[in-house]
Amino acid sequence: MDGSIEARPLLREVSAPATIPKARKRRMLWPWLLASMTVVSAFAFIVVWQRIGKPITQSFEIALVTKGDVVRQVTATGTVNPELTIIVGSYVSGPITEIRCDYNTVVKAGQVCATIDPRPYQTTVNQDSANLSVANAQMSKDKANLDYAQLNYERSRRLIEPQAVSQDTVDIAKNLAEQAEAQVALDQAVIEQRKAELAAAQINLDYTNIRSPVNGVVVSRNVSQGQTVAASFQTPTLFLIATDLTRMQVDTNISESDIGAIREGEPVTFSVDAFPARAFEGKVKQVRQSPQTVQNIVTFDAVFGVDNADLALKPGMTASLSIVTDHQTSVLRVPNQALRFQPREGSIPSITPYSADMKAAHVWVQRSGVLTLVPVRTGISDQSFTAIEAGDLSVGDKVIVGQSKSSNSSALSRLLRL
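Numbered by our numbering, the letters in the sequence shown go through residues 222 to 639 in order.
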């Protein structure tokens with residue numbers, strides 16, 4: 222037996238530890254994440270709750286009941302025009318040989334403003350005058366023939382008794398006298414015809430002088446010297462003459478919803494862009510019955526008269542009108558928002574409970590820290606106020622016109638969103 226002993230290693234070779242799976246790592250982190258989120262949420266809840274721990278309060282917009290004027294108005298846009306504008310045209314054709322009126326020229330009735338070449342029309346007058354002279358001469362000749370024919374007939378008629386002439390001779394003389402008489406009548410008709418032709422020619426000659434038909438001011442000139450005017454198909458417009466610029470009118474359209482409140486004689490104020498700080502005053506002059514419909518919108522024409530003694534208003538200006546349709550002075554009034562205000566349901570436990578009175582006109586009044594519903598009977602309204610005709614209101618009462626939540630409520634909303 223061999224006495225040698227086999228050497229064995231005293232230490233085992235230790236292998237490297239195996240890698241921990243990733244899924245196991247995630248399972249190990251979840252408890253820590255949940256615990257962290259719970260702590261953070263609890264901390265946030267405590268902080269926010271400390272800020273909103275008090276009851277939610279409400280803030281109101283308050284206005285006072287006052288006494289003053291309420292003016293109901295209808296607004297519109299119109300155009301400033303002269304009360305009467307005359308279109309001056311030409312009845313005859315021809316070249317313009319002279320212009321005597323220009324823009325802003327003050328003219329009198331019958332004043333010549335322009336002249337058309339009169340020579341062709343003067344020639345026609347001369348020709349018609351000569352034709353009338355020929356007709357008159359023919360009339361004189363035929364009257365002489367009539368006198369002779371009548372004398373011959375009378376002589377022949379006297380000679381028939383002693384049988385100095387035959388009956389045939391007498392009949393011929395009578396026929397000649399009647400023909401001469403008819404010729405004179407024809408000549409008279411021709412003379413009247415020639416007179417009419419001459420009168421027409423003289424009228425056309427006079428039309429070569431373009432005259433103003435009224436006293437006024439030239440506001441537009443549409444013709445120049447040397448221009449040929451053609452009046453064959455329609456009368457051309459040469460001048461526009463306003464009768465009196467010290468009296469103007471505003472032409473506008475009123476919607477069908479407002480036209481019922483417009484009455485003749487009611488006052489109106491308006492402004493123009495040229496004088497934005499100046500208020501012009503006038504009156505309703507006319508409300509026309511004929512409707513105007515454009516894209517299914519119905520309006521009615523209205524005319525407002527205005528004094529323009531200083532000639533500040535010019536034709537064609539755009540006017541922004543305010544028409545006073547009703548006016549109450551020194552009346553109890555509240556802001557329009559007060560009649561529209563309604564508290565949010567359940568927002569304030571101390572308000573007057575809802576009732577049928579809320580369907581009628583009412584306001585909410587703050588009295589001794591409590592909101593109270595007060596039914597009212599309203600009058601007219603303007604853009605800011607409504608008149609109060611009846612109701613338990615006095616000057617100085619605090620009426621509610623709006624409501625908003627406090628910042629605490631906003632904080633609660635933010636918390637709920639979290």
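Built from N, CA and C at the ideal position, the CB exists for glycine as well.
All figures in this text were calculated on a predicted structure; none of them were measured in a lab.
Query, Result
"On the CB-based measure, 16 or more other CB atoms within 10 Å of its CB, does G612 come out buried or exposed?", "buried"
"For A394, I'd like the list of residues in its chain whose CB is within less than 6 Å of its CB, leaving aside the five on either flank, ordered along the chain.", "N373, Y374, S377"
"Kindly indicate which three-state DSSP category T429 falls into: helix, strand or coil?", "coil"
"Compute the Euclidean distance between the alpha carbons of V545 and V444, then round it to the nearest angstrom.", "43 Å"
"Per DSSP, which residues does F525 bridge with? Please list them.", "V471, V505"
"Residues in the same chain with beta-carbon distance under 6 Å from P326, minus the five sequence neighbours each way, listed in chain order, please.", "Note that residue 326 is Thr in the sequence shown, not Pro. For T326, where only same-chain residues beyond five positions count, the Cβ hits under 6 Å are V439."
"Run through DSSP, which three-state label would S625 get?", "strand"
"Could you spell out where the beta strand (DSSP E) holding L372 opens and where it closes?", "Counting along the chain, L372 falls outside any beta strand (DSSP E), though it belongs to the alpha helix (DSSP H) covering 340–380."
"Provide the residue(s) that pair with Q294 in DSSP beta bridges, ordered along the chain.", "V545"
"Could you say which of F606, R468, V620, F562 lies nearest to G590 if we only look at CA atoms?", "V620"
"Write down the C-beta distance between L542 and G299 rounded to the nearest angstrom, noting that I regard them as a contact closer than 8 Å.", "6 Å"
"Rank I320, A608, L305 by C-alpha distance to the C-alpha of V552 and give the top, closest one.", "A608"
"Taking DSSP as the reference, what is the three-state secondary structure of T593?", "strand"
"For A417 versus D363, is the C-beta spacing smaller than 8 Å?", "no"
"In the DSSP assignment, find the alpha helix (DSSP H) that holds A533 and state where it starts and stops.", "Counting along the chain, A533 falls outside any alpha helix (DSSP H), and DSSP gives it neither H nor E."
"Can at least three beta-carbon pairs, one atom from the stretch 491–509 and one from the stretch 459–467, be found at a separation below 8 Å?", "no"
"Sort W585, G600, Y428 by Cα distance to I283 and report the nearest one.", "W585"
"Would you report the Cα separation of F501 and A297, rounded to the nearest angstrom?", "14 Å"
"How about Q558 and G486: are their beta carbons less than 8 Å apart?", "no"
"What residue range is occupied by the uninterrupted alpha helix (DSSP H) comprising A335?", "Segment 333–337 is the beta strand (DSSP E) holding A335; no alpha helix (DSSP H) there."
"Return the chain-ordered list of same chain residues with a C-beta closer than 7 Å to the C-beta of L466, the five sequence neighbours on each side being excluded.", "P303, V438, N529, L532"
"CB-CB under 7 Å to G447, same chain, minus the five flanking residues each way: which ones, in chain order?", "P316, I317"
"Starting from the N-terminal side, write out each stretch of the beta strand (DSSP E) that is 3 residues or longer and does not extend beyond the stretch 396–466.", "430–432, 437–442, 458–463"
"For T390, collect the residues of the same chain with a Cβ closer than 7 Å to its Cβ; drop the 5 residues on either side in sequence, then sort them by chain order.", "S377"
"Excluding the 5 residues preceding and the 5 following D338 in the sequence, name in chain order all residues of the same chain whose CB lies nearer than 6 Å to its CB.", "G315, P316, T318"
"Counting along the chain, where does the alpha helix (DSSP H) carrying Q558 start and finish?", "557–561"
"If you draw a straight line from the alpha carbon of I381 to that of Q388, how long is it in whole angstroms?", "7 Å"
"Starting from the C-beta of G310, find all residues in its chain whose C-beta is less than 7 Å away, skip the five residues before and the five after it, and write them out in chain order.", "T456, P457, T458, L459"
"Among all the DSSP beta bridges, which residues are the ones paired with T300?", "D472, T539"
"Please report how far the alpha carbon of V295 lies from the alpha carbon of V515, in whole angstroms.", "20 Å"
"When burial is assigned at 16 or more other CB atoms within 10 Å of the CB, is A398 buried or exposed?", "buried"
"Among the residues of its own chain, which have a CB less than 8 Å from the CB of N474, if the five just before and after it don't count?", "A297, G299, Q513, T520, F521, D522, A523"
"Quick check: what's the CA-CA separation for D368 versus V435?", "53 Å"
"Buried or exposed, going by whether 16 or more other CB atoms sit within 10 Å of the CB of Q470?", "buried"
"Which residues bound the beta strand (DSSP E) around E485?", "No beta strand (DSSP E) holds E485; DSSP gives it neither H nor E."
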